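With the UniProt record's numbering as the guide, the letters of the sequence shown map in order to residues 1 to 236.
Even glycine gets a Cβ: it sits at the ideal position worked out from N, Cα and C.
Given the structure is predicted, the values throughout are model-derived calculations rather than measurements.
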Amino acid sequence: MEVVITDHPEQVLADIITEVVREGATTLGLATGSSPVPTYTELIRRHREEGLSFRGMQAVLLDEYVGLPPNHPEAYARFIRDNFTDHVDFDAVHSPDGMAADAKGAAAEYDELIARLGPVDVQLLGIGSNGHIGFNEPSSSLTSRTRIKTLTEKTRRDNARFFGGDLEQVPLHVVTQGLGTICEATHLALVATGETKAEAIAAAVEGPLSASCPASILQWHPRATVVLDPAAASRL
Ligand code: GLP
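Structure, rendered in structure tokens:
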């Protein structure tokens with residue numbers, strides 16, 4: 001695992017992505033949450049000003065809330081369009097279906113789609129304050145596949161800020177790529193910023209490889225880069 005501590009995580013991540021895109025990458029794994037947004041902003045700038053093109057490429061999203069239609073302001077499908085993909089030129093953007101009548105079947109189909117499109121060349125990741133990646137909460141199987149999960153109260157409280165601060169509005173269930181699915185990507189690139197992530201980062205980077213900190217799975221992956229600002233790295 002490579003750990004990069006920098007005042008400009010978005011430049012490091014945008015460089016990683018720019019390099020693989022220019023080398024002919026076909027599939028990029030995208031993450032939601034606020035942490036990757038500066039990276040998306042920088043990639044949009046490079047697209048507009050430096051001719052960085054995602055033509056011929058597929059984007060696959062990590063996770064989605066169950067029960068939110070794709071156009072709901074807090075649906076991750078909508079978030080990624082608004083913050084990134086509508087502003088660049090991917091051939092297609094795929095996200096898990098949070099509205100499927102057969103939620104289990106749709107999750108399995110999404111897993112198969114990723115296997116068909118993959119391997120994902122670079123999978124961007126954020127981290128939850130409890131160490132989750134995607135929506136793989138603590139105790140998720142380290143070999144899990146895309147499936148429905150129940151959010152912990154902690155994660156729902158963390159994410160309530162996106163729902164007007166109202167915990168009741170935060171869905172209880174989500175569909176997320178599993179840790180096994182995520183680890184099939186060729187390169188995992190995790191970004192964390194701010195003091196609130198410092199404890200989770202210390203557990204992920206220096207703690208034991210354990211389901212109690214799902215992000216610690218990066219220790220096991222052959223190619224993982226963790227990009228931190230000094231605050232997120234403060235407990236290393
Ligand atoms: C959500 C997402 C994760 C993300 C996490 C942290 O729970 N499912 O993919 O990493 O939030 O979000 P933020 O970057 O806003 O702190």
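Which listed residue (the options) has its alpha carbon closest to that of residue i
i, options, result
"P96", "L113, G56 and L167", "L113"
"I148", "V37, G118, D63 and H8", "D63"
"R235", "A224, Q219, G207 and L218", "G207"
"V191", "E19, Y40 and A25", "Y40"
"I80", "L61, H47, S141 and A160", "L61"
"P70", "M99, L228 and R157", "M99"
"N83", "G51, A101, E42 and A106", "E42"
"S144", "R156, A108, V226 and N159", "A108"
"G67", "S216, S140, D15 and Q169", "Q169"
"H94", "D102, L52, L228 and L117", "L117"
"T181", "E153, T146 and T155", "T146"
Cβ separation of residue i and residue j, assumed to be a contact under 8 Å, to the nearest whole Å
i, j, result
"L13", "A189", "6 Å"
"D111", "T26", "Going by Cβ atoms, the distance from D111 to T26 rounds to 18 Å, so no, they are not a contact pair."
"P171", "Y65", "4 Å"
"D89", "R55", "5 Å"
"L209", "M1", "L209 to M1, Cβ: 11 Å. No contact."
"A200", "G128", "7 Å"
"T18", "R46", "6 Å"
"Q123", "A185", "4 Å"
Status (buried if at least 16 other CB within 10 Å, exposed otherwise) for residue i
i, result
"P230", "exposed"
"G131", "buried"
"G178", "buried"
"G165", "exposed"
"P73", "exposed"
"P36", "buried"
"L167", "exposed"
"A92", "exposed"
"G126", "buried"
"N136", "buried"
"P214", "buried"
"S34", "exposed"
"A204", "buried"
"E10", "buried"
"A224", "buried"
"T196", "exposed"
"R78", "buried"
Any chain B beta carbon closer than 8 Å to residue i
i, result
"R235", "Looking at the structure shown, chain B is missing, and only one protein chain is on hand."
- request: Closer than 6 Å is what we want: which residues have a beta carbon that near any heavy atom of ligand 1? List them in chain order.
  value: A31, T32, G33, S34, S35, L62, D63, G126, I127, G128, G134, F135, T155 and N159
- prompt: Unbroken beta strand (DSSP E) runs of length 3 or more, entirely within the stretch 7 to 48: which are they?
  reply: Qualifying beta strand (DSSP E) stretches, in chain order: 27 to 30.
- request: Please list the segments of the alpha helix (DSSP H) lying wholly inside the stretch 160 to 197, counting only runs of 4 or more residues, in order along the chain.
  value: 179 to 182
3 or more residues per run - each beta strand (DSSP E) lying fully within the stretch 69 to 120: Correct list: 92 to 94.
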